[in-house]
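Trainee: Numbering (our numbering), first residue to last: 7 to 147. Glycine included, C-beta positions come from ideal geometry on N, C-alpha and C. Note that the coordinates shown come from a computational prediction; the quantities given were computed from them, not determined experimentally.
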């Protein structure tokens, strides 16, 4: 049976699916950023200052260490940003799920009302049929 909520329910279902897809993509991005951060952290820990050598070697190692630290800090910022993004998409998913469930409930209530109306009209029809048969039998007798 068609209800007035059927098209709205389809739209809400599509929104829920989109929110779920966005959440999954954000989850994947967060995992990628966390892996990149772990790698950057390991690379940063690998570098050390030389015990002996020229000043040029020391300066180049310091530059490499600074670059590794900046890469690690950028990776950490991406991890923090992806965590915030995850919270945002989780909120959107919860909202979309709640809206979908509301529409589903309203549709089920509408269907219950329609079933009750159909049952009443069926009972009314059966009563009218019984009354007409009763009078037809009275007339025939």
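1. Can you tell me which of the three DSSP states residue 55 falls into?
2. Report buried or exposed for residue 94, applying the criterion of at least 16 other Cβ atoms within 10 angstroms of its Cβ.
3. What is the residue span of the alpha helix (DSSP H) that residue 76 lies within?
4. Is the Cβ-Cβ distance between residue 39 and residue 84 less than 7 angstroms?
5. What's the C-alpha gap between residue 179 and residue 141?
6. Can you tell which of 113, 50, 102, 62 has the C-alpha that lies nearest to the C-alpha of residue 82?
7. Determine whether the beta carbon atoms of residue 9 and residue 123 lie at a separation below 7 angstroms.
Mentor: Taking the structure as given:
1. Indexing the chain shown from 1 puts residue 55 at position 49. In this structure, residue 55 counts as coil in the three-state DSSP scheme.
2. Sequence index remark: in the chain shown, residue 94 carries index 88 (1-based). Exposed, by the Cβ-count rule.
3. Position 70 of the chain shown, counting from 1, holds the residue named residue 76. 61-146 is the extent of the alpha helix (DSSP H) around residue 76.
4. In the chain shown, residue 39 corresponds to position 33, counting from 1. In the chain shown, residue 84 corresponds to position 78, counting from 1. Yes, Cβ-Cβ distance for residue 39 and residue 84 is below 7 angstroms.
5. With the chain running from 7 to 147 in the structure shown, residue 179 is simply not present.
6. Taking the first residue of the chain shown as position 1, residue 82 is located at position 76. Across the set 113, 50, 102, 62, the C-alpha of 50 shows the shortest separation from the C-alpha of residue 82.
7. Position 3 of the chain shown, counted from the start, is the residue given in the question as residue 9. Position 117 of the chain shown, counted from the start, is the residue given in the question as residue 123. No, Cβ-Cβ distance for residue 9 and residue 123 is not below 7 angstroms.
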